[in-house]
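First to last, the sequence lines map onto chains P and B. Each number in the working numbering corresponds to the 1-based position in the first sequence with 19 added. Each number in the working numbering corresponds to the 1-based position in the second sequence with 1 added. In this text, a Cβ means the ideal position worked out from N, Cα and C, and glycines have one as well. Have a look at the structure below, then the notes.
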Amino acid sequence: GEDVEQSLFLSVREGDSSVINCTYTDSSSTYLYWYKQEPGAGLQLLTYIFSNMDMKQDQRLTVLLNKKDKHLSLRIADTQTGDSAIYFCAESFTGGGNKLTFGTGTQLKVEL
Amino acid sequence: DGGITQSPKYLFRKEGQNVTLSCEQNLNHDAMYWYRQDPGQGLRLIYYSQIVNDFQKGDIAEGYSVSREKKESFPLTVTSAQKNPTAFYLCASTSDRARPLHFGNGTRLTVT
């Protein structure tokens with residue numbers, strides 16, 4: 020079955036880069052997503068990558084996909100205090116009816 | 002503005018009572034989803050519906066029921082059979098299988 024794993028916590032200093040990692044097991048993944056959740060709120064889509072891509076960049080966000088190792092990462096450049104949140108990676112897969120399988124989420128704390 | 006509205010934001014119930022969580026979208030999306038979020042865990046799929054008058058069980062459907070009488074609405078009933086109903090519930094929707102999910106802001110249900 021599908022399984023998505025993330026580390027639970029990451030702490031960085033303001034202005035540094037943050038790298039949040041995710042591993043997944045389903046080799047038939049079609050899209051991989053990164054969502055951001057602020058306290059008490061729903062999930063906000065940050066970016067997503069199609070499984071035949073290696074990299075996607077969107078302003079301060081860079082997504083890297085290593086299909087061989089089933090490893091996905093999200094790099095946030097020049098991290099700000101407003102980036103403090105929980106970040107979820109998620110995968111959808113062929114035939115899944117767009118049901119997403121989510122990781123446990125990584126709590127990012129940005130310190131001054 | 003288009004979006005997904007979940008109401009109420011906070012809900013309190015006594016054990017043994019059924020409770021219905023509302024989810025309405027004006028995005029003209031065909032598919033709608035209910036997820037449950039518990040601390041330190043990823044989101045788990047309860048039910049989903051890809052078309053009006055049709056819905057499927059997700060990974061943790063026991064103790065829950067849904068209906069999809071209108072395209073815009075996908076209410077979730079948490080029944081007294083749900084053994085541990087206290088959680089944060091998130092509703093999502095999408096236009097088709099190739100598009101990301103859009104989330105509402107969630108309902109926090111507390112059952113005592």
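Interface flag, residue i vs chain P, CB-CB below 7 Å
i                      : result
residue 44 of chain B  : yes
residue 107 of chain B : yes
residue 91 of chain B  : yes
residue 40 of chain B  : no
residue 13 of chain B  : no
residue 101 of chain B : yes
residue 104 of chain B : yes
Residue environment, residue i, which counts as buried when at least 16 other CB atoms sit within 10 Å
i                      : result
residue 96 of chain P  : exposed
residue 9 of chain B   : exposed
residue 36 of chain P  : exposed
residue 55 of chain P  : buried
residue 27 of chain P  : exposed
residue 69 of chain B  : buried
residue 1 of chain B   : Coverage of chain B is limited to positions 2 through 113, which leaves residue 1 of chain B absent and any answer about it impossible.
residue 120 of chain P : buried
residue 18 of chain B  : exposed
Residue-level contact to chain B via CB, residue i, 7 Å cutoff
i                      : result
residue 81 of chain P  : no
residue 67 of chain P  : yes
residue 84 of chain P  : no
residue 44 of chain P  : no
residue 20 of chain P  : Because the pLDDT of residue 20 of chain P is 49, which lies under 50, any placement of that residue in the model is unreliable, and the question is left without a value.
residue 75 of chain P  : no
residue 60 of chain P  : yes
residue 122 of chain P : yes
residue 91 of chain P  : no
residue 51 of chain P  : no
residue 118 of chain P : yes
residue 64 of chain P  : yes
Paired residues, beta bridge with residue i - DSSP
i                      : result
residue 40 of chain P  : P:92
residue 25 of chain P  : P:41
residue 130 of chain P : P:32
residue 22 of chain B  : B:77
residue 12 of chain B  : B:110
residue 120 of chain P : P:110
Chain C contact residues for residue i, given Cβ-Cβ distances below 9 Å
i                     : result
residue 23 of chain P : Of the protein chains in the structure, P and B, none is chain C.
Just list the alpha helix (DSSP H) runs in the segment 48-112 of chain P, keeping only unbroken ones of 4 residues or longer that don't cross its boundaries, in chain order.
none
Taking contact to mean 3 or more Cβ pairs, one atom from each stretch, closer than 8 Å, check whether the segment 91-110 of chain P and the segment 35-42 of chain P are in contact.
yes
Length at least 3, wholly inside the segment 24-111 of chain B: the beta strand (DSSP E) runs in chain order
32-38, 44-52, 55-58, 65-67, 77-79 and 88-95
Stretch pair the segment 43-52 of chain B + the segment 16-25 of chain B: three plus CB contacts closer than 8 Å
no
Using 8 Å as the Cβ pair cut-off and three pairs as the minimum, do the segment 53-73 of chain P and the segment 101-112 of chain B touch?
yes
Taking one C-beta from the segment 25-38 of chain B and one from the segment 70-79 of chain P each time, how about it: are there three or more such pairs within less than 8 Å?
no
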